[in-house]
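Trainee: Quick one: the structure is below, and I'll ask about it shortly.
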Amino acid sequence: MIVLLICFVFIDVLQIVICPEGKDTKIVGGKGVKDIRQMPWLVNIEMKYVGHICGGSILTPVFVLTACHCLVLQVSQDKTPSKTISADELVFISGTLFAEKRDNNDPNQQIRDAKYLLVHPQCRDENKIQVFDYGLGVLKSPFSFNAYVNAFKLLSMNKTIFQNKFDTIVKNPKAKCYVAGWGEVRRGEFGIDDEGRMSKHLRIMEMHLISDDQCRQKFGQISPKFLNFNFRNHNQICAVGSKMWGSDCQGDSGGPIVCEGFQIALVSYGFQCGISSPATYADLVPFVEWFSTKVLSYVHSRKTSTAPHGRMRLSALNCYVLIHLMIVAVSYDAG
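Laid out in C-alpha cells, this is it:
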C-alpha cells in the first residue's frame, strides 16, 4: 500500500515529464528530415534479420502505435481476429533519422523489444479493403523521454472530444498535414515482384486532405468496389501530396499522418506511390475507444494475473507502467 501511495503522489510530477505537449502499402517525393527533434515520436519498426518493415509512433513510453497489418502474418478475411506474429521477431527503434540500426551510430538512438503485440479485434479485410487497421507494440522496457524521443500529440483520449476536434481539422481545407517515414522512394503502381528501394533516411511529405467523393472517384478508376465505398463510415480519410505527386509508399505503413500538430490517423493502404492517386489513412477515433475501454484494462489484468496471490508488492517497473497507463487515460482531455 505504501508503494501504491508513492505512485499516486508522483503522478503529477511524472505527468510534466512524460506527457506530450504536443500489401504493406504505405515517402515518395518530399524531403529529408534534418533533425529527429522535429518529430521525436517516429518509430522505425524492424523485423530481426530482415530490416525495416513499417513505421510507428510513440503513444506512451511503453506503447507504440502502428498498423494492424504490420503486426500480423495475414489480415483476417472474416470476423475471426487477426493473429499477431511473435513479438520476438520485431525491434522498435526511436530517436534517429536512420532506418538501419546496424549502420547507425547515432547516440540518441533507443532500441526496444516488445513484450507482446496487440491488434484491434475487428482488424480484417472487408471485401479486400483493410478496416480497423490499428496495432500496438507493448514494450518490455519503456523509452526514455527526452528531446529526441517523445510521444505524439493526441487530440483527446475521449472518443467524443477526439471526434469533434478531428472533424474540425478534416473540414478545414487549409489544414497543414504531413506524413513521414522510411518507406520506398519510387513512383508508380505496386507490382507483385516489385521491390522498391527503402529510404535509409527519414523523409517527410506535405499532404492535402481530400473529400470522400474525390477519393471514391480516384479509387473507383482503379477498382469498381470503391465507387460506393463509404470511407467515413469505415473511419478512413484520404490525402494526396500537396503538389499532387508525392505520397507515402510501401514501408511507411503504420506511421502517423500529422495535421495541425496532432496525429489524427495512421498510414493504412493505397495503390500507387508518388503520383496523383490518393493514400488512405485509418483515423484514430476507433483506436481511442479501443485503447480507453479495452487495452488499458487488458494490460493491467496481464500484470496482476501473473503476480503471486496474497502479495501486495508492486515492482518499480509495474508501478512506473501503471502511472503511464493512468496518465494516458486522463491527461489529454484537460484541454
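Position 31 of the sequence shown, counting from 1, maps to 31 under the UniProt record's numbering, and the rest follow consecutively. Idealized CB from N, CA, C, for every residue including glycine.
(1) In angstroms, rounded to a whole number, what distance separates the CA positions of residue 206 and residue 84?
(2) With residue 55 as the anchor, note down where its beta strand (DSSP E) starts and where it stops.
(3) Among the candidates 172, 238, 152, 143, whose CA atom is the shortest distance from the CA of residue 109?
(4) Counting C-beta neighbours from all protein chains within 10 Å, is the total for residue 134 16 or more, i.e. buried, or is it exposed?
(5) By Cβ distance below 6 Å, which residues in the same chain neighbour residue 312 in space, the five residues on each side in sequence not counted?
(6) Look at residue 169 and residue 264 and say whether their C-beta atoms are less than 9 Å apart.
(7) CB residue 235 to CB residue 132, shorter than 9 Å?
(8) Distance, Cα to Cα, residue 152 vs residue 35?
(9) Return the chain-ordered ranges of every alpha helix (DSSP H) run that is complete within the segment 204–270 and spans a minimum of 4 residues.
(10) Checking 9 Å against the spacing of the C-beta atoms, do residue 139 and residue 113 come in under that value?
(11) For residue 32, is the classification buried or exposed, using 16 other Cβ atoms within 10 angstroms of its Cβ as the cut-off for buried?
(12) Leaving out five residues on either side along the sequence, give the residues of the same chain with a beta carbon under 6 Å from the beta carbon of residue 147.
(13) Drop a sphere of 10 angstroms on the beta-carbon of residue 266, count the other beta-carbons inside from all chains shown, and report buried for 16 or more, exposed for fewer.
(14) Does residue 50 pass the burial test, meaning 16 or more other C-beta atoms within 10 Å, or should it be called exposed?
(15) At 3 residues or longer, what runs of the beta strand (DSSP E) sit wholly inside the segment 93–169?
(16) For residue 175, name the three-state secondary structure that DSSP assigns.
(17) Starting from the Cα of residue 279, find the closest Cα among 296, 258, 240, 299 and give me that residue.
(18) With H, G and I counted as helix, E and B as strand and the rest as coil, what does DSSP make of residue 80?
(19) Given this structure, state the Cα-to-Cα distance separating residue 123 from residue 178, to the nearest angstrom.
(20) Are the Cβ atoms of residue 65 and residue 136 separated by less than 9 Å?
(21) Evaluate residue 181 with the Cβ neighbour count: other Cβ atoms within 10 Å of its Cβ, from every protein chain shown; 16 or more gives buried, anything less gives exposed.
(22) Mark residue 58 as exposed unless 16 or more other C-beta atoms lie within 10 angstroms of its C-beta, in which case mark it buried.
(23) Determine the DSSP secondary structure at residue 279, reduced to helix, strand or coil.
(24) Applying the 10 Å Cβ sphere with the 16-neighbour rule, what's the burial state of residue 63?
(25) With a threshold of 16 other CB atoms inside 10 Å of the CB of residue 232, please say whether the residue is buried or exposed.
(26) Quick one: what does DSSP say residue 187 is sitting in, helix, strand or coil?
(27) If you draw a straight line from the alpha carbon of residue 203 to that of residue 259, how long is it in whole angstroms?
Mentor: Let me lay it out:
(1) 32 Å
(2) 51–60
(3) 143
(4) buried
(5) The predicted position of residue 312 is uncertain, since its pLDDT is 34 and thus under 50; a value taken from the coordinates is nonetheless stated next. Here the set comprises nothing.
(6) yes
(7) With respect to residue 132, residue 235 sits close: the two C-beta atoms are nearer than 9 Å.
(8) Spanning the two alpha carbons is a distance of roughly 16 Å.
(9) 212–220
(10) yes
(11) exposed
(12) 37
(13) buried
(14) exposed
(15) If only complete runs of 3 or more residues are kept, the segment 93–169 shows the beta strand (DSSP E) at 110–119, 124–126, 129–131, 135–139, in order along the chain.
(16) coil
(17) 240
(18) coil
(19) 25 Å
(20) Yes.
(21) buried
(22) buried
(23) strand
(24) buried
(25) Exposed: under 16 other Cβ atoms inside 10 Å.
(26) In this prediction, residue 187 has a pLDDT of 44, which is less than 50 and means its spatial position is unreliable; what the coordinates show is noted afterwards. Residue 187 falls in the coil class under three-state DSSP.
(27) The alpha-carbon atoms of residue 203 and residue 259 are separated by roughly 16 Å.
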